[in-house]
Structure formats: C-alpha cells, structure tokens
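Novice: According to the numbering used here, the sequence shown holds residues 32 to 403 in order. Ideal placement from N, C-alpha and C gives every residue a C-beta, glycine not left out. Just so we're clear, the structure is a prediction, and the values are computed from it rather than from any experiment. Quick one: the structure is below, and I'll ask about it shortly.
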Amino acid sequence: RQAWVLAKSVASERHDVFDHDWDTDSLVHVFSNDYVDTLALFANTAAKILRVQPTLVAATAPCRIFGDLHGQFRDLLLLFRAFGSPDERGAPNFVFNGDFVDRGAHSLEVVGLLLALKVLLPEKVWLIRGNHEDRGMNQKYGFAEECNQRLGPEFGPKLFELFHKAFDYLPLGCVVAGRVLVVHGGIGDGAWQLRDVKGINRPLGEEQLSSPDMYWANNMLWSDPVEDDDDREKGTFGVHESPRGGKGALFGWDVTKTFCARNGLGLIVRSHQSKQDSLGIDIMHENHLIRVFSARDYEGHGNDGAVLFIEWSKEDQMTGKHSLLTVRPQILRSATKARREDLSRRTSSIADNRPLSPRGRRYSARRRASYG
Numbered sequence: 032r033q034a035w036v037l038a039k040s041v042a043s044e045r046h047d048v049f050d051h052d053w054d055t056d057s058l059v060h061v062f063s064n065d066y067v068d069t070l071a072l073f074a075n076t077a078a079k080i081l082r083v084q085p086t087l088v089a090a091t092a093p094c095r096i097f098g099d100l101h102g103q104f105r106d107l108l109l110l111f112r113a114f115g116s117p118d119e120r121g122a123p124n125f126v127f128n129g130d131f132v133d134r135g136a137h138s139l140e141v142v143g144l145l146l147a148l149k150v151l152l153p154e155k156v157w158l159i160r161g162n163h164e165d166r167g168m169n170q171k172y173g174f175a176e177e178c179n180q181r182l183g184p185e186f187g188p189k190l191f192e193l194f195h196k197a198f199d200y201l202p203l204g205c206v207v208a209g210r211v212l213v214v215h216g217g218i219g220d221g222a223w224q225l226r227d228v229k230g231i232n233r234p235l236g237e238e239q240l241s242s243p244d245m246y247w248a249n250n251m252l253w254s255d256p257v258e259d260d261d262d263r264e265k266g267t268f269g270v271h272e273s274p275r276g277g278k279g280a281l282f283g284w285d286v287t288k289t290f291c292a293r294n295g296l297g298l299i300v301r302s303h304q305s306k307q308d309s310l311g312i313d314i315m316h317e318n319h320l321i322r323v324f325s326a327r328d329y330e331g332h333g334n335d336g337a338v339l340f341i342e343w344s345k346e347d348q349m350t351g352k353h354s355l356l357t358v359r360p361q362i363l364r365s366a367t368k369a370r371r372e373d374l375s376r377r378t379s380s381i382a383d384n385r386p387l388s389p390r391g392r393r394y395s396a397r398r399r400a401s402y403g
C-alpha cells in the first residue's frame, strides 16, 4: 500500500526528474523502518514460490510486459500509476522481463517491490531472469555495492545472497496466451524448442549457465537480433558472433521466423537493449519480434520508458473466441525529451515575442498571407 501512496505522490510532483536525482528515503517509506527484515522475508518467500514453478511459465491474456528496469524505482512507480498495478481489481497478468537491478540508484526498492508482488500474487506476477540477475554482473555494475552501502557491512552481503537464491530459481521465459514468447535476450541460434526449457533444472548459478552444454539457454539471457534499421546489416540472415563476445549470438530475421513457426508462436518479446532517443520499443524481423525497455533515459540515452499490453481483440472479447491477439505499447515520456521540448518552446516563444523591424513586419505579413 505504501508503494502506491508514494506513486501517487511522485505522479503529482510538478517537475519530472531523473531517477538518479530523485532524493527520497524510499526504502523506509515502502518497507518500513524494519526494511532489512522485510526484504529478507520477501526474498526467502519468493525463492520458495519460484522453486516450485516451472522454468518456462505461462500467463494468460490480458497481460502487461515490462522491459529492463535497472534500479529505476521512480520510473516503475510512474508506470504503475499511469497504466495500472498488479493488485488492482481486474488487473491483467504482469510479466517483468529481467534486469531489475544494477546501474540505477534504487535497485533495492525495485527488486524488493517485485518480490513482494510475486509473494502477494504468485499466479499473476511473473518475474523472468535477465543477464543482470547474476552475481558477477552485480559485482561489476552496482547492485552488490548498493547492498553494502545502504544496508551496511553486516546485512548487505547477507541480503545480497538471499536475493541471489531467489534469482537462481527465476524462470528463463514466459509464454503468453500460448502464442507470445517473452525472454530477456533472445533465441540465439534458435535450434531449440520450448519443451527444452521446461527440462532445465534449477537452481541455475553462473557456473551452470556458463557451461558449454547450456550455451543455448545462456543465449536466452544474452543474445541480440540483427537490426532491421541498420544499413550495415540489411539483408543479413543466419547466426553470427555477438559484439558482446562469447556470451551470446546475433540472430537474423530468418532464425526468428523459423523458430516461431517450429514452436507455434506468433511473436517474440525481448528486452536487453536500449537505443538512443527511442520510444522504448522496436518492431523488427517482419513483425515477429518486439523489443521493450522500461527504464527511461537509461545511461543518458534519452529514451522513453515503455511497456506492452497484450489482449485478445475486441471481437474476440465479445464472442469469447481466441483467434487474434493485439499488442499495444504504453509509453512514459523521457525526461530528457520533455526538457528539450520545453527549451524549444521557450526559445520559440522568445523569438515570437521579439519586436520586428519595419521590413520584418512586412515579411511576416506576407508570410501569414501565403500560409493562410
């Protein structure tokens, strides 16, 4: 409940700010003064729930899919406030597609709230593993340091390990309405089937995931698609080495279409990449692949934050048939873009109010006459 009170307060703030500039004691606000014990309880309980659920979970439509959050708690609250939260009456399923932590300033709040929602709504909230639900990545990109700094040297390492016990049981994918596969990274070489994921045993630590026989599964966390809008890659198909190194592969449009056909899918939703000035979504590979990214202004990219809402078509809802799914992006405006637009409006307003010379007045009048 306290999270929704805070979300209402954030949404009513007069000025938008970047998450890393947001200065509030949100750990205490959301999890009380006993936040260490509360976070430990959520991590332990969520791990027990995740342990008994499959490695490839299934969600029904309607469903809302979030991309990377990377510790940007303020954005998560704004997205809930704008588009709805999982605990509302009649709320859809919610899928959070990995990378909950690292790089952002409020990873503890993000992962704490998501685990709390998983405990509260275990069959409605689905948490999918990303490449940053990984001890090595967290040591390098900030989550381990955040645990130590904000929870102290006594409790920080203990909570870090409790979170990772839950992370090691996270599913690797989710199938929505039997037709949409949600994975954090991608499909790698695509030479596997959905039933193969169901056979993966957990817990899955870094050692297991990095083993050669699990390379295909590791690609679910790390691989990327060949970009349709990159002139250097137009016409590229097949599987290629990733610029990320040996962690994953690049897969072309033909790999995506073949994988979907083999597994009875119409769409793959993935996250894992933010693009400069983007809307937080990309549609590619002949409409068989969508990328969604939810953390706004990630690493200075000036990107919007997006979620995807998947539901049966209006006709299907009226007839009760399930033949056509619709996918609708829901977008939270980038603070960077909003500031640019505000500056542009101010500059334009100043220019419009500037006194004109007699020659300028004549030109202005002619221009108004020419354009109506």
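How close, in whole Å, do the beta carbons of Glu119 and Val61 come, if the pair is a contact with beta carbons under 8 Å?
Specialist: That belief does not hold up - the Cβ atoms of Glu119 and Val61 are roughly 18 Å apart, past 8 Å.
Novice: In the DSSP assignment, what are the bridge partners of Ile362?
Specialist: The partner list for Ile362 (beta bridge, DSSP) reads Ala337.
Novice: How about Gly216 and Asp255: are their beta carbons less than 8 Å apart?
Specialist: Their beta carbons are under 8 Å apart, which means Gly216 touches Asp255 by this criterion.
Novice: Taking all protein chains shown into account, do 16 or more other C-beta atoms lie within 10 angstroms of the C-beta of Glu44, making it buried, or fewer, making it exposed?
Specialist: The residue in question, Glu44, is exposed, as its Cβ has fewer than 16 Cβ neighbours within 10 Å.
Novice: From what residue to what residue does the beta strand (DSSP E) around Lys278 run?
Specialist: Run containing Lys278: 276 to 282, per the beta strand (DSSP E) assignment.
Novice: Indicate whether Leu298 and Ile312 have their beta-carbon atoms separated by less than 8 Å.
Specialist: It is not a contact, given that the beta carbons lie outside the stated cut-off.
Novice: In terms of alpha-carbon separation, which member of Asp227, Asn179, His332 lies closest to Arg364?
Specialist: The shortest C-alpha separation from Arg364 is found at His332.
Novice: Which of the three DSSP states, helix, strand or coil, is assigned to Asp50?
Specialist: Looking at Asp50 - three-state DSSP - the assignment turns out to be helix.
Novice: Is Thr357 helix, strand or coil when you go by DSSP?
Specialist: Thr357: strand per DSSP, three-state reduction.
Novice: Straight-line CA distance for Pro188 to Arg134?
Specialist: If you take the alpha carbons of Pro188 and Arg134, they lie about 18 Å apart.
Novice: Nearest to Val142 by alpha carbon, out of His101, Ala38, Asp65, Arg32?
Specialist: Nearest C-alpha to Val142: His101.
Novice: Would you check if the stretch 242 to 255 and the stretch 269 to 280 touch, i.e. whether three or more CB-CB distances between them fall below 8 Å?
Specialist: With a cut-off of 8 Å, the stretch 242 to 255 and the stretch 269 to 280 count as touching, because enough Cβ pairs lie within range.
Novice: Compare the Cα-Cα distances from Leu81 to each of Arg160, Gly283, Arg181 and report the closest residue.
Specialist: That would be Arg160, whose Cα lies nearest to the Cα of Leu81.
Novice: Pop quiz: Leu70 and Ser57 are said to be a contact at Cβ under 8 Å. What is the actual Cβ separation, rounded to whole angstroms?
Specialist: In fact, because the Cβ distance is near 13 Å, the residues do not count as touching under 8 Å.
Novice: Just grab the DSSP bridge partners of His271 for me.
Specialist: For His271, which the question treats as bridged, DSSP gives the partners Leu281.
Novice: For Ile299, which of helix, strand or coil comes out of DSSP?
Specialist: Strand at Ile299.
Novice: Mapping the DSSP letters down to three states, classify Glu44 as helix, strand or coil.
Specialist: In this structure, Glu44 counts as coil in the three-state DSSP scheme.
Novice: Inspect the beta-carbon positions of Asp106 and Arg327 and report whether they are closer than 8 Å.
Specialist: Cβ atoms of Asp106 and Arg327: closer than 8 Å.
Novice: Here's the rule I'm using: 16 or more other beta-carbon atoms within 10 Å means buried, otherwise exposed. How should Met251 be labelled?
Specialist: It counts as buried.
Novice: Cα separation between Asn64 and Ala113?
Specialist: Whole-angstrom Cα-Cα distance: 28 Å.
Novice: Which of the three DSSP states is assigned to Asn124 in this structure?
Specialist: Correct three-state label for Asn124: strand.
Novice: What number of angstroms, rounded off, separates the C-alpha of His137 from the C-alpha of Leu310?
Specialist: Near 23 Å, if we compare the C-alpha coordinates of Leu310 and His137.
Novice: If you reduce the DSSP assignment to three classes, tell me which class Leu109 lands in.
Specialist: Residue state, collapsed to three classes: helix.
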